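2 protein chains.
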Amino acid sequence: MIKSPNTELSPSDHETNFQGNVVNLVQPNWIGVDWGTTNVRVFAMSSDGRVLAENGSNKGMGSLAPGDFEAVLLDLIQLWLSEDKVIPVIACGMVGARQGWKEAEYRLVPCLPVSDQGLMVVNTRDKRISLHILPGLSQRDPSDVMRGEETQLAGFMKMNPRFQGTVCLPGTHSKWVSISGQLVTGFKTFMTGELFSLLSNQSILRHSVNSEGWDVSAFLDAALKSVENPDKTMSELFNLRASSLLQNVDPVTARSTLSGMLIGQELGMAADFWKKQTVALIGANEIASLYADTLVELGIDVEMIDAKEAILSGLSCAAKL
Amino acid sequence: MIKSPNTELSPSDHETNFQGNVVNLVQPNWIGVDWGTTNVRVFAMSSDGRVLAENGSNKGMGSLAPGDFEAVLLDLIQLWLSEDKVIPVIACGMVGARQGWKEAEYRLVPCLPVSDQGLMVVNTRDKRISLHILPGLSQRDPSDVMRGEETQLAGFMKMNPRFQGTVCLPGTHSKWVSISGQLVTGFKTFMTGELFSLLSNQSILRHSVNSEGWDVSAFLDAALKSVENPDKTMSELFNLRASSLLQNVDPVTARSTLSGMLIGQELGMAADFWKKQTVALIGANEIASLYADTLVELGIDVEMIDAKEAILSGLSCAAKL
Chain A
1 MIKSPNTELS PSDHETNFQG NVVNLVQPNW IGVDWGTTNV RVFAMSSDGR VLAENGSNKG
61 MGSLAPGDFE AVLLDLIQLW LSEDKVIPVI ACGMVGARQG WKEAEYRLVP CLPVSDQGLM
121 VVNTRDKRIS LHILPGLSQR DPSDVMRGEE TQLAGFMKMN PRFQGTVCLP GTHSKWVSIS
181 GQLVTGFKTF MTGELFSLLS NQSILRHSVN SEGWDVSAFL DAALKSVENP DKTMSELFNL
241 RASSLLQNVD PVTARSTLSG MLIGQELGMA ADFWKKQTVA LIGANEIASL YADTLVELGI
301 DVEMIDAKEA ILSGLSCAAK L
Chain B
322 MIKSPNTELS PSDHETNFQG NVVNLVQPNW IGVDWGTTNV RVFAMSSDGR VLAENGSNKG
382 MGSLAPGDFE AVLLDLIQLW LSEDKVIPVI ACGMVGARQG WKEAEYRLVP CLPVSDQGLM
442 VVNTRDKRIS LHILPGLSQR DPSDVMRGEE TQLAGFMKMN PRFQGTVCLP GTHSKWVSIS
502 GQLVTGFKTF MTGELFSLLS NQSILRHSVN SEGWDVSAFL DAALKSVENP DKTMSELFNL
562 RASSLLQNVD PVTARSTLSG MLIGQELGMA ADFWKKQTVA LIGANEIASL YADTLVELGI
622 DVEMIDAKEA ILSGLSCAAK L
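Chains A and B are the protein sequences, given in the same order. With the first letter of the first sequence counted as 1, position 201 gets the number 201 in this note's numbering; the numbers rise by one all the way through. So the mapping is simple: this note's numbering equals the position in the second sequence, first residue as 1, plus 321.
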């Protein structure tokens, strides 16, 4: 997901003409929206899928009531709108959750990651836009859900139409996804990112880990150990606290070790997804690199895909539906 | 550990004599102190180990600087002190941590749970008391530490001098302890209680679990499943969120399931401690009962020991050193 908020409009988005009226220089064919729990990002798109301008804020779904969304969206895209035409807006992510703008019910796998089924039309007060929200995907047994990742998957599959194998989307709630014959056939969510954040910031371990710096080899050692024995990871967490008290283990080393233990545990538990499969990793951040580094060390070939590129490609698929 | 704070003095602790002076009815032989991270509890003890009076507050180690401890202690015990004698005060728990009143360095296992080695004498400004802090125990490989539990162990072993086997002390950081020939020979800490608290109150799962009510069979089903496959527990956490979204699983059931998953995971990872050993559980609260219920279901005989009784017995051992 795209994390860096940017509330500034580019100065090239508009200018004032000789009569003193504002003229929009950006005239998108459609607008793409990636609306997560903590951020929203909007893209003015050309008909051939180029980004003409972008904008964003930290007004994620988590901080908004259903009635708030339209004003937040209009504030971000107003300079791209015209009085004389209706611009399609395609949104994905938590905006379609039950607590979002309007619920777009999950589509059950196996299915295409994005299709016209379940695309939620939302009536807006402002008639210059025509809003559609993409539904997430669900799995019955074991129960699982995703919202937003399906759009990245659609984008990735558009760029790699013959792909068969596993796609991993690391993050707060990592997803491991099986792709076969253009369909998402199954997936599994791990709470690794959230667990790391809670343990390193809020648990007793916070006294032993440092938020600055990185120890590459401590990370990798711990990750490889946990991949082999994911059943032991949770029983070894407190060792980090004890080693810090008894052996003065460096807090940077301890933090990298904790990260390695948890990512290694996930990889160990997700082994069926990568052991005999081609693996593609969708991610833009350092976290995705940590997954890739560990998998490469395990002898697995990994293809890295930029998350922003994937989501724009996915939104473009949806815009053509 | 004793969790319920009680800042009230018993009305029987003192009375006013005919001259209007306060007369202390409680004249302890010594004073026991259980000073944890979040609470402190003090006991006025007779020479034969009876509790004459008790007091406490929520001024745990976590909220105090080293210079604060003496005033907090005096405030709790002042009505038990006399001008004409020095009363021994024996304290255990986080009061002896590096961030506590004064550090009492860990004693390395194998060793007696409590001995005169490492007993830290603390000079107080008030000369009516003579303060000793009990050190915790440490283990070298794998690194582990305890503070406070060693006193409960000493008390338990005094009550059960021939005990050989495992003692489990459930809690925020559960301890599994091997006892052989009067010695603590090794131990292991699990962060289960803290993990449950973080996941149920702060993670995405908080939307799916409820803080009221209890589903006994959901707990036990989840616990027994996790005991068998502790390596799967962490990969199944997000199912709780998805089942709540897709199948409207009752939040009381979801909470009991989460608790069962985590306690079962701990029991599964700690199986070497209980599979072929006699098990004693020291605990006063519902959490200890959950461990006991699961172990009994697994066909393990469990002896339950009251935590307060154990700690008072342990402090009595130390008072006689």
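Even glycine gets a Cβ: it sits at the ideal position worked out from N, Cα and C. Just so you know, these numbers come straight off a predicted model, no measurement behind them.
Amino acids of chain B, ordered along the chain, whose beta-carbon sits closer than 9 Å to that of residue i
{"i": "MET245 (chain A)", "result": "Strictly speaking, residue 245 (chain A) in this sequence is Leu, with Met absent from that position. Ordered by position in chain B, the residues that pass the 9 Å Cβ test against LEU245 (chain A) are ALA418, ARG419, TYR427, SER459, SER464, VAL466."}
{"i": "ALA242 (chain A)", "result": "SER459, GLN460, PRO463, SER464, ASP465, VAL466, THR510"}
{"i": "MET269 (chain A)", "result": "ASP552, LYS553, MET555, SER556"}
Interface residues of chain B facing residue i [CB-CB closer than 8 Å]
{"i": "GLU194 (chain A)", "result": "SER524, ILE525"}
Cβ shell of residue i (< 6 Å), same chain only, five flanking positions each side left out
{"i": "THR599 (chain B)", "result": "GLY486"}
{"i": "THR554 (chain B)", "result": "SER547, MET582, GLN586"}
{"i": "ILE525 (chain B)", "result": "ARG562"}
{"i": "PRO349 (chain B)", "result": "ALA365, MET366, LEU373, TRP401"}
{"i": "GLY604 (chain B)", "result": "PRO491, ALA628"}
{"i": "CYS638 (chain B)", "result": "VAL435, ALA475, LYS479"}
{"i": "THR185 (chain A)", "result": "PRO110, SER178"}
{"i": "PHE69 (chain A)", "result": "TRP101"}
Residue i versus the options, residue with shortest Cα-Cα distance
{"i": "GLY260 (chain A)", "options": "A:PHE43, A:LYS85, A:LEU224", "result": "A:LEU224"}
{"i": "LEU647 (chain B)", "options": "B:ILE525, B:PRO349, B:LYS629", "result": "Absent from the structure is residue 647 (chain B), since the part of chain B shown begins at 322 and ends at 642."}
{"i": "TYR560 (chain B)", "options": "B:SER529, B:LEU541, B:VAL573", "result": "Before going further, note that residue 560 (chain B) is Asn rather than Tyr in the sequence given. Among B:SER529, B:LEU541, B:VAL573, the Cα nearest to that of ASN560 (chain B) belongs to B:SER529."}
{"i": "LEU281 (chain A)", "options": "A:ILE179, A:THR185, A:GLN247", "result": "A:ILE179"}
{"i": "VAL363 (chain B)", "options": "B:GLY357, B:GLU557, B:GLY353, B:MET382", "result": "B:GLY353"}
{"i": "VAL216 (chain A)", "options": "A:GLU228, A:LEU246, A:GLU297", "result": "A:GLU297"}
{"i": "LEU76 (chain A)", "options": "A:TRP35, A:GLU286, A:SER243", "result": "A:TRP35"}
{"i": "MET441 (chain B)", "options": "B:SER518, B:MET512, B:GLY414, B:LEU516", "result": "B:GLY414"}
{"i": "ASP593 (chain B)", "options": "A:PHE163, A:SER235, A:LEU108, A:GLY193", "result": "A:SER235"}
Beta-carbon neighbours of residue i, restricted to chain A and to distances below 8 Å
{"i": "HIS494 (chain B)", "result": "ILE204, PHE238"}
{"i": "GLN586 (chain B)", "result": "MET234"}
As assigned by DSSP and simplified to three states, the class of residue i
{"i": "LYS448 (chain B)", "result": "coil"}
{"i": "ARG362 (chain B)", "result": "strand"}
{"i": "VAL249 (chain A)", "result": "coil"}
{"i": "GLU149 (chain A)", "result": "helix"}
{"i": "SER495 (chain B)", "result": "strand"}
{"i": "ASP68 (chain A)", "result": "helix"}
{"i": "TRP356 (chain B)", "result": "strand"}
{"i": "ASP141 (chain A)", "result": "coil"}
{"i": "ILE323 (chain B)", "result": "Unreliable positioning characterises ILE323 (chain B) in this predicted model, as indicated by a pLDDT of 33, which lies under 50. A coordinate reading is not provided."}
{"i": "LEU373 (chain B)", "result": "strand"}
{"i": "PHE645 (chain B)", "result": "As displayed, chain B neither begins before 322 nor continues past 642, which places residue 645 (chain B) out of reach and without an answer."}
{"i": "LEU134 (chain A)", "result": "coil"}
{"i": "THR320 (chain A)", "result": "Here the sequence assigns Lys to residue 320 (chain A), which means Thr is not the residue at that position. The answer is coil: DSSP assigns LYS320 (chain A) none of H, G, I, E or B."}
{"i": "VAL623 (chain B)", "result": "strand"}
{"i": "ALA613 (chain B)", "result": "helix"}
{"i": "SER46 (chain A)", "result": "coil"}
{"i": "ASN191 (chain A)", "result": "According to the sequence displayed, residue 191 (chain A) carries Met and not Asn. If DSSP states are grouped into helix, strand and coil, MET191 (chain A) belongs with coil."}
{"i": "GLY96 (chain A)", "result": "helix"}
{"i": "PRO11 (chain A)", "result": "Note that PRO11 (chain A) scores 47 on pLDDT, short of 50, meaning its location in the model is unreliable; the coordinates nonetheless yield the value given after this. Reduced to three states, the DSSP call for PRO11 (chain A) is helix."}
{"i": "LEU429 (chain B)", "result": "strand"}
{"i": "TRP351 (chain B)", "result": "strand"}
{"i": "GLY383 (chain B)", "result": "helix"}
{"i": "SER518 (chain B)", "result": "helix"}
{"i": "LEU25 (chain A)", "result": "coil"}
{"i": "GLY486 (chain B)", "result": "strand"}
{"i": "LEU636 (chain B)", "result": "helix"}
{"i": "SER208 (chain A)", "result": "coil"}
Closer than 7 Å at the beta carbon, the chain A residues around residue i
{"i": "PRO551 (chain B)", "result": "ASP231"}
{"i": "LEU519 (chain B)", "result": "LEU198, GLN202, SER203"}
{"i": "GLN438 (chain B)", "result": "Per Cβ cutoff of 7 Å: no residues; GLN438 (chain B) is ~17 Å from chain A at best."}
8 Å Cβ shell around residue i - same chain, five flanking residues per side excluded
{"i": "GLU83 (chain A)", "result": "ARG128"}
{"i": "ASP465 (chain B)", "result": "SER459, PHE508, LYS509, THR510"}
{"i": "ASP301 (chain A)", "result": "THR278, VAL279"}
{"i": "VAL407 (chain B)", "result": "LYS448, ARG449, ILE450, SER451"}
{"i": "GLN182 (chain A)", "result": "LEU112, MET157, PRO161"}
{"i": "LEU541 (chain B)", "result": "GLY581, ASP614, THR615, GLU618"}
{"i": "SER565 (chain B)", "result": "HIS528, SER529, PRO572, ALA575"}
7 Å Cβ shell around residue i - same chain, five flanking residues per side excluded
{"i": "ASP116 (chain A)", "result": "LEU321"}
{"i": "VAL443 (chain B)", "result": "TRP422, LYS423, LEU452, ILE454"}
{"i": "SER325 (chain B)", "result": "No answer about SER325 (chain B) holds up, because its pLDDT of 36 lies below 50 and its placement is not dependable."}
{"i": "VAL167 (chain A)", "result": "LEU153, PHE156, VAL177, ILE179, ALA280, ILE282"}
Exercise. Counting only runs that start and end within the stretch 239-287 of chain A, where is the alpha helix (DSSP H) found for 4 or more residues in a row?
Worked result: Runs of the alpha helix (DSSP H) inside the stretch 239-287 of chain A: 251-269, 271-274.
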